[in-house]
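**Student:** Heads up, the sequence shown is in the UniProt record's numbering, so the first residue is 1 and it goes up one at a time.
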Amino acid sequence: SGHLRNENPDETREVLDIFQCLDVRSFAKMIVGRRCNCWNTMIKGYLDCGDLMTAEELFDEMLERSVVSWTTMIDGFFKKMPIRDLAAWNAMLHGYCENARVDDAVKLFEQMPSRIVISWTSMIGKLDQNGKSEEALIVFERMFKSGVVFNPSSLTCALSAYPNALSFPLGVQIHGHVFNSRFCLIVFVCASLITFYANYKNVVICTALLTGYGLNGGHEDGLKVFSDIMRTSVFPNQSSFVSTLNSCRNLESLDRGREVHASAVKLQLGSDIIVGNSLVVMYNKLREKNIVTWNATICGFAQHGRGMWAMLLFSQMIHGLVQPDEITLTGLLSSCCHYGMLQKGRCLFRYFSEITSIELKYEHYACMVDVLGRCGKLEEVEDFMHSNLDLAERAANYILDLEPRCSATYILLSNFYASANRWGDDSRLRVTMRDKGIVKQLGRSWVTIKGENIYWKLDWLNMKLKELGFVLDKRFSLHDVEEKKKKESLFYHSERLAVAFALIITIECSTITVMKNLCICGDCHSAIKLTAKIVDREIVARDSSCFHHFRSGSCSCGDYW
């Protein structure tokens with residue numbers, strides 16, 4: 001009693017431990033403040049003596065109860081339980097787990113005569129929550145081997161343990177169980193899968209996160225994920241950029257879009273067709289557009305033979321109160337030229353020359369002459385093409401006054417002389433070029449692949465072309481040589497060699513892209529149209545004029561280029 005009056009609960013607890021089985025209940029009123037620890041010690045003493053009823057009465061009289069109080073009583077009731085069915089075992093296991101008594105829970109779990117999925121799930125979850133992920137996964141493996149059918153909670157607990165303990169492939173196996181059990185439609189299971197995969201950064205998982213955020217309106221979160229990717233060793237792929245650019249478009253963030261564009265260029269994906277399409281869509285959908293954006297898109301349509309799209313975009317530009325400039329007119333007239341839109345070209349030329357304040361330049365006049373010439377209006381351009389060499393000479397002299405060393409002008413005039421069989425004038429012109437040190441730019445075509453027996457493939461193509469009735473157009477062999485040499489020179493133009501090269505190396509059904517530094521000749525244009533039909537593939541040829549998309553015997557330029 002001295003210990004109690006001196007308000008020393010630790011010493012009091014020692015005394016009570018010695019006399020646990022004596023009638024200590026009479027001391028309860030003497031304990032100052034009835035400290036919880038002392039009550040717990042008395043309750044445990046009665047339980048150890050087998051007096052469950054008195055322990056329960058003391059428990060009911062307690063003013064405050066701690067976790068230890070409840071756990072002590074649960075232990076007492078469990079030991080006195082005459083029949084321990086599965087529900088009782090699970091209730092006890094759950095009680096230990098909820099009160100963070102993991103070691104006691106493990107002991108009880110091992111003593112259980114049988115276990116159900118709830119037992120396994122409680123054990124796995126509590127071990128993982130207390131930093132024992134490896135032990136949790138061992139229990140999960142035992143559960144799997146015992147043949148217990150998983151439920152969503154058990155799979156979720158296992159997934160939460162995997163990033164902390166084992167490798168990625170094992171977690172993927174859990175994903176397989178989720179899929180086979182059709183638990184993937186349950187929200188919290190899906191959330192666990194996402195959390196699991198988020199711990200393993202690779203391009204597929206990161207792209208899936210980007211796409212998921214985009215589909216659910218989390219565009220800001222998607223952009224944060226992309227920023228995190230760029231700070232790691234993970235390299236985004238096409239799909240990563242498509243999803244990120246889509247988020248930039250929906251947020252109408254031009255600055256972020258430009259940053260993503262720069263990242264694509266840095267990773268050499270700027271010229272990829274899928275990424276390029278996404279960039280075009282993003283820039284077109286943004287409200288903040290300037291004249292550069294409009295002009296770039298209009299000229300892009302013009303180069304690919306999409307004249308009507310260029311006209312539609314110009315209408316949107318005017319309705320958006322964006323003032324066009326001289327580059328706009330050049331792109332529009334090029335569209336009219338490549339698409340054969342004579343009336344549109346006339347209207348545009350009149351609109352820009354009479355209504356706008358834009359000063360027309362010589363390239364605009366050249367484009368308009370090209371439109372008229374390609375539409376067969378030779379009289380309107382004073383027989384400019386081939387039949388009126390006087391005008392061609394005057395035009396050439398005008399250009400040479402502006403650019404004295406323009407080799408293209410000399411070559412064009414030389415071709416005019418050759419087409420009219422004026423070989424003497426052609427020779428004198430070439431002498432002039434030699435004296436001035438002006439060299440003709442060689443025609444080159446190239447593809448970015450490996451290669452081998454190109455000439456054999458090209459001979460095979462020429463044979464197939466003849467079977468379809470193709471006849472060489474010797475007008476495009478502008479050299480004073482014998483007929484056989486003219487045929488050979490046409491057969492082995494660089495663009496045809498490049499196409500044959502690509503047919504040998506590339507996968508069947510894939511698109512062939514050929515780049516040429518000069519304008520494609522009419523004979524090769526006709527030959528490649530039929531080649532696309534023979535091999536049943538799309539062939540894209542970019543020359544100095546535009547992009548030609550050859551499909552099934554036709555070209556996107558409509559034979560205007």
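Yeah, the Cβ is synthetic: ideal placement off N, Cα and C, and Gly gets one too.
(1) Going by DSSP, which residues form a beta bridge with Phe550?
(2) Between which two residues does the beta strand (DSSP E) containing Thr513 stretch?
(3) Kindly give me the distance between the Cβ atoms of Gly331 and Ile298, rounded to whole angstroms, as I take these residues to be in contact under 8 Å.
(4) Taking only the alpha-carbon atoms, compute the straight-line gap between Thr156 and Gly214 and give it to the nearest angstrom.
(5) Express the C-alpha separation of Met42 and Glu57 in angstroms, rounding to a whole number.
(6) Give a yes or no on whether the C-beta atoms belonging to Ile520 and Val499 are separated by under 8 Å.
(7) How many Å lie between Ala532 and Ile504 at the Cα?
(8) Taking just the CA atoms, how far does Asn397 sit from Ala411?
(9) Grouping DSSP H, G and I as helix and E and B as strand, with all else coil, what is Asn415?
(10) Under the three-state reduction of DSSP, which class applies to Gln20: helix, strand or coil?
(11) Please look up how many angstroms separate the CB atoms of Ser240 and Val203, rounded, as I've assumed it's under 8 Å.
(12) Put Ser387 into one of helix, strand or coil per three-state DSSP.
(13) By the three-class DSSP mapping on this structure, what secondary structure does Val234 have?
(14) Looking at the C-beta of Leu93, does it have a partner C-beta in chain D at a distance below 8 Å?
(15) Kindly confirm or deny that the segment 266 to 279 and the segment 225 to 241 touch, where touching means at least three C-beta pairs closer than 8 Å.
(16) Count the other C-beta atoms from every protein chain shown that fall within 10 angstroms of the C-beta of Ala541, then say buried if there are 16 or more, exposed otherwise.
(17) Let me know if Pro169 comes out buried or exposed under the rule of 16 or more other beta-carbons within 10 Å of its beta-carbon.
(18) To the nearest angstrom, report how far apart Lys44 and Phe59 are at their CA atoms.
(19) Considering only their Cβ atoms, is the gap separating Val225 from Cys206 smaller than 8 Å?
(20) Use the C-beta contact count for His549: other C-beta atoms within 10 angstroms, 16 or more gives buried, fewer gives exposed.
(21) What does the alpha-carbon distance come out to for the pair Met385 and Lys457?
(22) What residue does the alpha helix (DSSP H) around Ser133 start on, and which one ends it?
(23) Among the candidates Ser247, Gly469, Arg551, Ala527, whose CA atom is the shortest distance from the CA of Cys509?
(24) So, are the CB atoms of Val102 and Asn130 less than 8 Å apart?
(25) Decide if Asn40 is buried, meaning its Cβ has at least 16 other Cβ atoms within 10 Å, or exposed.
(26) For Thr72, is the classification buried or exposed, using 16 other Cβ atoms within 10 angstroms of its Cβ as the cut-off for buried?
(27) Would you mind listing the alpha helix (DSSP H) stretches within the segment 318 to 378 that are 4+ residues and don't spill past its ends, in chain order?
(28) CA-CA distance, Phe144 and Glu64?
**Tutor:** According to the structure data:
(1) Ile539, Cys555
(2) 512 to 516
(3) With a Cβ gap of about 4 Å, Gly331 and Ile298 count as contacting.
(4) 25 Å
(5) 11 Å
(6) No; because the gap between Cβ atoms is not below 8 Å, this pair is not in contact.
(7) Taking the straight line joining both Cα atoms gives about 14 Å.
(8) Strictly speaking, residue 411 in this sequence is Ile, with Ala absent from that position. Looking at the two C-alpha atoms, the distance is approximately 13 Å.
(9) helix
(10) Because Gln20 carries a pLDDT of 48, less than 50, the predicted location of this residue cannot be relied on, and no value is offered for it.
(11) 7 Å
(12) Per-residue confidence for Ser387 stands at a pLDDT of 44, beneath the threshold of 50, marking its modelled position as unreliable; the derived number appears in the next sentence. Correct three-state label for Ser387: coil.
(13) For Val234, the secondary structure class from DSSP, reduced to helix, strand or coil, is coil.
(14) This model lacks chain D altogether, as it is built from one protein chain only.
(15) yes
(16) Ala541 is classed as buried because its beta carbon has at least 16 other beta carbons within 10 Å across all chains shown.
(17) exposed
(18) 10 Å
(19) By the CB criterion at 8 Å, Cys206 and Val225 fall inside the cutoff.
(20) buried
(21) Confidence at Met385 is low in this model, with a pLDDT of 47, below 50, so the placement of that residue is unreliable and no value is reported for it.
(22) 133 to 145
(23) Arg551
(24) yes
(25) buried
(26) buried
(27) As far as the segment 318 to 378 is concerned, its whole alpha helix (DSSP H) runs of at least 4 residues are 326 to 339, 342 to 354, 362 to 374.
(28) 43 Å
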